[in-house]
Each structure stands twice: as C-alpha cells, then as structure tokens.
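Please read the structure below before turning to the comments.
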Amino acid sequence: MRTRTEERDPADRTGADLVVRGGTVVDSAWEGPADVLVRDGVVAALLAPGAPVDADVPAVDAAGRLVLPGGVDPHCHVGFTSGAYTSLDDHRECTTAAVFGGTTTIVDFAIPRPGQRPLDVARSQRAGIPTGLCDAALHGCVVEWDDTTADQLRVLADEGVRTIKMFTTYRGESMADEATILRVMHALRGLDGMVVVHCEADHIVVDAQDRAAGTGGIGAREMPATRPELAETASVGEVLAIAESQQTPVYFVHQSTAAAVELVAAARRRGLRAYTEAVAHHLLLDESAYAGPQPERFVCCPPLRPRESVDALARHLFTGEITTIGSDHCCYDTNQKREHRHDVRRMPNGLPGVETRLATLFSEFVVGRGLPLTRFVELTAANPARTNGLYPRKGSLMPGADADLALWDPGLTWTVTAAELHQATDYTPYEGRRVTGRPTTVIVGGRVVVDEGRLVDGTARGRYVPAGEIPADPMVLPL
Ligand code: URP
Ligand code: ZN
Ligand code: ZN
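The numbers in the sequence shown follow this note's numbering, run straight up by one, and end at 503.
What follows is the structure, given as structure tokens:
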C-alpha cells in the first residue's frame, strides 16, 4: 500500500478530496453498499453508507449506481505499426476513449520494428503516456535474440516493464522462433517477469493462406479459413512445453477457442503458472461477420470463430478458466481496412475496442447471462492488474488503491454507434448493438474526469505505472 495513506489514520474523514456516496461498491471479492472516501488521489476508506464526512468534502452522488474499480485493459495497442499501417490513435485519444468506456488503466505495447531495440522502443512508447487522461503500463517485446537482449531485459524490468510480448506468427515482422521464446523465458526467471504470447503456428497459417489463395480467394470474406483453430492450439501446446521446460509463468493473449483455453487449464493443474486472456470480440462476435457487407472491418488475428466456438469459449468465463479479458484495441479506420480487403495478408489486423470492452461484456454476460458482478470485476480489472504486476494499486477499491472509479448505471439501455464513441476511428464492430449498462461517471486518481457522460476535466495526467514483480502466483491476493 502507498505511503501517503499510511501517514494518516484512514478513518480520518477531514481534508478528503471527495466522497462517493450512496452506491453499491463492487470489488473482485466483495460487493455491498458503501461510501468511498478519497484522499490524495487514493482510496482512503470504505465507509458505512451515510457515515459523517466534513461538510466541505465534495460529494459525488452514486445513488442507484454501481461503483467499480476503473477497468484495466491488459491488451491495448496505441499508435501501433504493423506492416504498412499504423493505427490512428495516440495516448491522449486512446485514453480518452478508454475513460469514457470506464477503463482507467491501459497496458500498451512496445513492439520493435525490424532493426529496432526493445529497450529503445519501450522508452519511446512510454514518452506518450503523460499526454493521456489516465494511467498506462507497458509490455515490452522481443523478436530476435542477440548478445544485448539479456541486459536489455534486465533494464526493462528495472524500469517497470516485466511482461514481454512474443509472437509465433507474423514472420518477418514480429515473429520469434521457439529458441528465442525459450531464451526470453529463461532470462525472465530471475527478473520476476513473464512472457505474454500470441500463439498461431505460422507454418499452418501460411499453408492455409496459400491454399485459400489457390482456390477461391484470400479476401476478408475468407478470413476464417486462413487462420484455423488448429494453428492456435498447435502453437499453445508448443509454448506450454517451452514454459514447462523452464518452469516459468506464461500468459496467452487473445485465446479464441475453448480447446486452447483447456490446454492452459490442464497445464495449470500440472502446476505451471499459465494464464488465459480472452478478448471481447472473440466472446461477443462470430464469423458470420465475414459474410456481411463489410467483412474487412472484422479482420483480426486470430479471426472471429464459428458461433459454437464462441459459446464454448464464453463458458470458460463461468468455469474460471479465463483469467482476464482485454480489448486488443487497434484503432484502424475503414479506409485502412478496405485498401487491401481482397488480400488479408496485406491488411492491417485488429479491431477498435478500448471504449466498448466493458459495456458490451457487462450487457452480454452480467445482464444477459448472470455472470456475477464480482467475477466481472475480477476479469476486467483485478486480474489484469495482478498479471501485470499492478495490483492492488490498480484493479481494486480497497484502501490504498488509486482512486480510479467507474460509476455504472446498470439499467441504462443504449445503442452503440461509432458517431457517439471517442475512439479515433470511423467505425465500431458493434455498430447498432443494443446494450444494457454503462459507466456514466468516471473518476481518475480522485478527480472526476467524465461526469454523466460529459468530459469535465481534460487535464493530461497520464502516469506511467511501472509493473512490480509479477508475484509467484499473481492470483493469490497479497496480504
Ligand atoms: O489482429 C490483431 N490481433 N492485431 C493486433 C496485433 C496482435 O496480434 O495482437
Ligand atoms: Zn496478437
Ligand atoms: Zn494485440
């Protein structure tokens, strides 16, 4: 916990920044009526509803609202360059969209282009964070191993970058071979870090692409056939074996099939610290989108899957086998997506989603399918913070946590439309979707930034949040 709160008695209700009154607080392990007292930008205390507080402390009325820790998005690409395309947002634009959507911490990526050094890219990506409306952490990335890599990983860990992204696909761009994955895992053992990995076996993908190109086409409409589920499970099996050989933790990003999730769950039962991230679009959308009028808008890797695969994946929200849910936000616009829509090998992959992640999931799974609120907070805030070494500063409302809060109207039904979102693009994959539940007031570091859906404080206050050690088991609550 942070020293600022230790200097004062937390029960001291004078001199606070604000008090959030009358709401139902939902943390990952507890929910109930409470008032939230904020001092010096952190949660000072959870008070009995209506507990006396100095009259001059500003009050935010949360009656009828849920009070959640601001979301932590563990997978968010800001201004991401891949191939010929760069996604269109900067930190300010991305975090503005994030905050409107109830997310108050993003974890961005520093992915080297060919010839760049991971450490340099991390430092330069970090430089944009202070322009943001909320805080951000960073994943590093290693593509190739050379004699400087071990030292760079040490410096990265010292500078708070402890999660290292690796890819088993995108040859010639960001793909790393198995020997490199093993070396990075080995190097991270002593640094309390973790590899986070995009698994699709590139040889299976390339073969599927070649066959698609040779038979009917390789356009956006054919996307599912070009990246089969088998490519994902094959690669997950290989990477799990490498992690087991090194006995190091491993986190799989955007797992899109139940079979892949179950491989990770089985490894966990064997004692490996292995974690599954799902992303919102794989839980909410299916491959029928590629048969629609604008299939290019849905091109992402792994692709959207058949409805039965989506449902099987979503069941693991309830079994507990999915650890976190991210957005895999990539802010390309329709022009970028259309340019090479007849050849997915040349298209920018990825969907915008940092702003819609929480509300679309809340509506579908909490309102629609009875996912407990505490589990929703666990998946979208607490566990992303834990697996990124940010907990309990982020993803929690317990005293000592940063006062990042999202006040939700759980009964508000609204229609998602790009025209009313803040993402720096002209479309959303959820256009026209009816959704129930929405964050209406969002507090960042104790300051109201969005109030009843309006931006009321646009001050740039993004802080870089260095990852602490990834604990031996991040799922176990620190005392
Ligand atoms: O299609 C995707 N997911 N694009 C973003 C880069 C990545 O693979 O995460
Ligand atoms: Zn990926
Ligand atoms: Zn991604």
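All residues carry an ideal CB built from backbone N, CA and C; glycine is no exception.
Roughly how many angstroms separate the alpha carbons of residue i and residue j, rounded to a whole number?
i    : j    : result
P376 : A79  : 43 Å
L212 : L177 : 7 Å
L501 : P82  : Summary for L501: the model assigns pLDDT 49, below 50, so the residue's position carries little reliability, and this model does not support an answer.
L215 : L206 : 15 Å
F386 : G461 : 7 Å
T464 : R329 : 32 Å
L341 : V472 : 31 Å
A255 : T48  : 44 Å
E268 : G316 : 42 Å
R393 : F400 : 12 Å
R369 : R235 : 13 Å
M25  : L414 : Residue confidence is low: M25 scores 38 on pLDDT, short of 50, so the model does not pin down where it sits. Its coordinate-derived value is still stated next. Roughly 11 Å separates the two Cα atoms.
L71  : G94  : 19 Å
A302 : Q233 : 24 Å
L479 : A121 : 11 Å
V66  : Y356 : 35 Å
T173 : P396 : 43 Å
R195 : T441 : 35 Å
D201 : V208 : 11 Å
R293 : W169 : 31 Å
D426 : L309 : 33 Å
D171 : H305 : 39 Å
G152 : V145 : 12 Å
A249 : C325 : 12 Å
H278 : T272 : 20 Å
D132 : Q140 : 17 Å
F276 : I188 : 11 Å
P154 : A161 : 11 Å
M218 : G492 : 12 Å
V96  : V220 : 16 Å
Give me the residue from the options with the minimum Cα distance to residue i.
i    : options                   : result
T119 : A484, H210, A211 and A258 : A484
P372 : V50, T110 and A69         : T110
E332 : T281, E286, G469 and P317 : T281
T452 : G394, T380, V473 and T437 : T380
E363 : T384, P252 and P319       : P319
K418 : V489, A448 and P326       : V489
R150 : L157, G139, H163 and P138 : H163
L42  : T348, D64, G492 and P57   : D64
T347 : D144, A161, H210 and A409 : A409
G56  : P326, G139 and A86        : A86
P98  : T411, I467, L157 and G477 : T411
P498 : R478, L429, A406 and T439 : A406
V60  : P73, G261, S52 and D450   : P73
T204 : R147, S52, E444 and V263  : V263
E246 : A313, H306 and S198       : A313
E402 : D51, L180 and G261        : D51
S420 : E345, T127 and G107       : T127
Q21  : L337, A336, R294 and V323 : Beyond the ends of the chain as shown, which are 25 and 503, falls residue 21; an answer cannot be given.
G344 : D475, V391 and V285       : V285
V378 : E388, P416, T404 and V221 : T404
G482 : C354, D132, R116 and I130 : R116
F124 : D428, G435 and F104       : D428
V390 : L445, D433 and D175       : D433
W54  : V260, D367, T398 and G261 : T398
I266 : R251, A298, A58 and P252  : A298
D475 : R45, T129 and V84         : V84
So who's on the other strand from residue i, going by DSSP bridges?
i    : result
T127 : G95
F386 : Paired residue(s): none; F386 is not in a bridge.
R566 : Because residue 566 is not part of the residues shown, which for the chain are 25 to 503, the question remains open.
K189 : C165 and V220
I467 : L429 and V472
P57  : T48
V303 : G350
L71  : D59
Y109 : S106
T439 : R458
D85  : R45
Could you round the C-beta distance between residue i and residue j to whole angstroms and report it? I think they count as a contact, below 8 Å.
i    : j    : result
M526 : V166 : Past the boundaries of the shown model lies residue 526; the chain is included only from 25 to 503, so the question cannot be answered.
D159 : G486 : 6 Å
T20  : G456 : Beyond the ends of the chain as shown, which are 25 and 503, falls residue 20; an answer cannot be given.
Q270 : H210 : 5 Å
L112 : A448 : 5 Å
R186 : I467 : With a Cβ gap of about 27 Å, R186 and I467 do not count as contacting.
L143 : L180 : 6 Å
L511 : A430 : Absent from the model: residue 511. The displayed extent of the chain is 25 to 503, so no value can be given.
A68  : P416 : Rounded, the Cβ-Cβ distance is 14 Å, inconsistent with contact.
I135 : F104 : 7 Å
G243 : R321 : So it is not a contact: roughly 13 Å between Cβ atoms.
Looking at chain C, is there any beta carbon in it that lies within less than 8 Å of the beta carbon of residue i?
i    : result
L143 : The structure shown has no chain C; it contains just one protein chain.
Exercise. Where the beta carbon is closer than 7 Å to any heavy atom of ligand 2, which residues qualify, in chain order?
Worked result: Qualifying residues, in the order they occur: F191, H222, V277, H278, C325 and D352.
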